[in-house]
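When you read off a place in the sequence shown, starting at 1, and then add 52, the result is the number in our numbering. Heads up, the beta-carbon is just placed ideally off N, CA and C, and yes, glycines get one too.
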Amino acid sequence: MGRTIVKPLLEISHLSMHFPVKSGLLRRSTLVNRAVNDVDLSIYPGETLGLVGESGCGKTTLGRCIARLYQPTQGQIHYQGVDLASLNQRALLPYRRDIQMIFQDPMESLNSRHTVKEILEEPLIIHGMASAQARDTEVKRLLDLVGLPARSATRFPFEFSGGQRQRIGIARAIALKPKLIVCDEPVSALDVSIQSQILNLLLDLQSEFGLAYLFIAHDLAVVKHISDRIAIMYLGQVVETASSETIYQNPRHPYTQSLISASPVPDPTTTRQRVILKGDVPSPIDPPKGCHFHPRCPACFAPCADHPPPLEPIHGSEDHLARCHMVNAPGAAEDTAIIAQALGEAN
């Protein structure tokens with residue numbers, strides 16, 4: 053039998069999100085903040101794609117573009133043969149049921165003046181789903197799914213702990229039975245013990261309903277635990293993408309190697325050489341020419357400062373892509389020896 057070809061649930065092509073920077077007495081737009089710049093990504097049914105990078109790299113902006121909370125500056129967001137980026141708000145309404153979002157701070161994303169019942173009912177009412185009696189039953193079912201008692205329906209968000217509020221946010225996200233959920237750092241504001249409970253809840257819901265996740269985070273340990281594939285972002289661009297196992301065992305981009313070296317090792321008897329990058333993250337208003345990472349890269353060589361590298365497959369691996377001149381440079385070793393040596397000298 054031939055290999056089954058699985059089509060992406062959602063495919064992003066050349067997506068950019070630029071914000072005008074206004075200055076002066078007349079508040080004119082003289083500069084542009086390139087928060088997301090020419091991103092290509094695919095998310096498959098039932099998988100979790102982890103999106104990792106430093107603060108300010110464009111992770112959250114990309115997630116909000118996918119959920120169409122932002123109107124992208126350019127590019128396409130293809131979902132079931134439809135470009136969501138080209139639709140107006142009215143035409144988007146049917147597709148919002150399939151793509152939902154869990155926010156980082158549940159206290160800010162939940163209406164403090166509404167009870168939990170009103171919060172969970174709202175998406176059902178907007179989409180004209182179920183009668184009042186059926187909505188009551190559905191609210192109880194949603195609370196049970198996320199591990200909250202039915203009596204929670206009459207309470208307000210401020211009456212719950214941070215972890216419980218995030219469970220309410222998750223319940224709201226799954227209320228319309230979506231196919232994709234954008235998780236914007238859903239556990240970063242929680243205690244470590246609560247983080248594991250929320251992650252396990254997300255995994256249980258994914259298994260039960262076949263959900264796909266775009267899981268945005270800066271904690272590599274969390275992303276490794278939950279993700280099937282990982283995409284690394286730097287200054288508005290994806291610089292490496294591969295399976296979770298490959299990213300940790302064979303990182304090819306110098307920035308990815310630096311992130312992994314900064315991840316704590318749970319075994320106290322094991323030591324890891326810390327890679328300290330030079331300089332600060334450049335401004336997305338004025339990104340460097342050529343490779344955006346080259347001013348901080350210890351493996352930088354001549355072409356890096358002049359020519360931006362494409363995101364392309366690494367030799368011998370169609371599923372492992374990197375945006376780096378070094379990994380496919382003529383005469384470069386196929387393994388990571390050259391880059392690893394340069395990174396070691398930088399420490």
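DSSP-derived helix/strand/coil call for residue i
i, result
"residue 379", "coil"
"residue 364", "strand"
"residue 181", "coil"
"residue 128", "strand"
"residue 133", "coil"
"residue 151", "strand"
"residue 236", "strand"
"residue 353", "coil"
"residue 299", "helix"
"residue 372", "strand"
"residue 252", "helix"
"residue 200", "coil"
"residue 214", "helix"
"residue 308", "helix"
"residue 219", "helix"
"residue 123", "coil"
"residue 317", "coil"
"residue 171", "helix"
"residue 91", "strand"
"residue 142", "helix"
"residue 115", "helix"
"residue 81", "strand"
"residue 70", "strand"
"residue 326", "coil"
"residue 337", "coil"
"residue 292", "strand"
Neighbourhood of residue i by C-beta, 8 Å cutoff - its chain only, sequence neighbours within 5 removed
i, result
"residue 171", "162, 163, 209, 220 and 224"
"residue 398", "Because residue 398 sits at a pLDDT of 40, beneath the cut-off of 50, its placement in the model cannot be relied upon, and the following sentence gives the value as read from the coordinates. Here the set comprises 327, 328, 329, 330 and 350."
"residue 121", "153"
"residue 58", "96 and 97"
"residue 176", "182, 187, 190, 227 and 228"
Within 9 Å, strictly: CB atoms of residue i and residue j
i, j, result
"residue 64", "residue 92", "yes"
"residue 250", "residue 239", "yes"
"residue 350", "residue 287", "no"
"residue 254", "residue 235", "yes"
"residue 153", "residue 228", "no"
"residue 103", "residue 268", "yes"
"residue 105", "residue 311", "yes"
"residue 151", "residue 257", "no"
"residue 342", "residue 334", "no"
"residue 242", "residue 218", "yes"
"residue 87", "residue 336", "yes"
"residue 292", "residue 270", "no"
"residue 246", "residue 214", "yes"
"residue 273", "residue 315", "yes"
"residue 365", "residue 359", "no"
"residue 266", "residue 231", "no"
"residue 179", "residue 144", "no"
Cut-off 6 Å between Cβ atoms - residues of its own chain near residue i, not counting five sequence neighbours on either side
i, result
"residue 186", "none"
"residue 376", "305 and 361"
"residue 204", "168 and 195"
"residue 81", "72 and 74"
"residue 148", "none"
"residue 216", "none"
"residue 155", "161 and 236"
"residue 85", "71, 73, 336 and 337"
"residue 124", "67, 69, 117 and 137"
Beta-carbon proximity list for residue i, same chain, < 7 Å, skipping 5 on both sides
i, result
"residue 89", "68, 288 and 289"
"residue 116", "122"
"residue 135", "128 and 129"
"residue 402", "Examination of residue 402 is not possible in this model, given that the chain is present from 53 through 399 alone."
"residue 352", "346"
"residue 60", "94, 95 and 96"
"residue 108", "333"
Cβ neighbour criterion (16 or more within 10 Å) applied to residue i
i, result
"residue 385", "Because residue 385 carries a pLDDT of 45, less than 50, the predicted location of this residue cannot be relied on, and no value is offered for it."
"residue 189", "exposed"
"residue 294", "buried"
"residue 79", "exposed"
"residue 296", "buried"
"residue 113", "buried"
"residue 279", "buried"
"residue 244", "exposed"
"residue 374", "buried"
"residue 66", "exposed"
"residue 173", "buried"
Minimum Cβ-Cβ distance from residue i to chain C less than 9 Å
i, result
"residue 75", "Absent from the structure: chain C. Only one protein chain is present."
Between the region 128-139 and the region 96-108, do three or more beta carbon pairs fall short of 8 Å? no
Examine the Cβ distances between the region 303-312 and the region 280-295 and report whether three or more of them are shorter than 8 Å. yes
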